[in-house]
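Taking the UniProt record's numbering, the leading residue of the sequence shown gets 1, the next gets one more, and so forth.
First up is the structure itself, then whatever we jot down about it.
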Amino acid sequence: MPGKPAHISSSAPCGGRTGAPWRATDHEEGVAMPGSTDSSTKTMGALTIGGLVAVTAYTVALGSNGWLWFGWVVLGLITLGMVATRSS
């Protein structure tokens, strides 16, 4: 019909997300509350603590290895960086 916009149908299943992502009404997706941490930061924290336990056990059992401690310090600094950038 003249003057009436064409209707474009979607092949998405019922309830499927259609349309352009920038037109979404849910603008809070992916935004964390202040002070909260996402799963990747929690995972890095767990790996850092696990690394500390492993390096300490290695040191007790077989003697100190400077490269292991250096690696753990680097891992810890990366984790701190992730925490600092996530909370700001």
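Think of the CB as a built atom: it goes at the ideal place given N, C-alpha and C, for glycine as much as any other residue.
Everything numeric in this text was worked out from a predicted model, so none of it was measured.
N-terminal and C-terminal residue of the alpha helix (DSSP H) that residue i is part of
i, result
"S40", "39 to 62"
Residues near residue i by beta carbon distance below 6 Å, same chain, minus five either side
i, result
"M44", "T79, M82"
Same chain, Cβ closer than 7 Å to residue i, neighbours up to 5 away in sequence not counted
i, result
"W72", "G51, L52, V55"
"W69", "V55"
Cβ-Cβ distance between residue i and residue j below 8 Å
i, j, result
"T48", "G66", "no"
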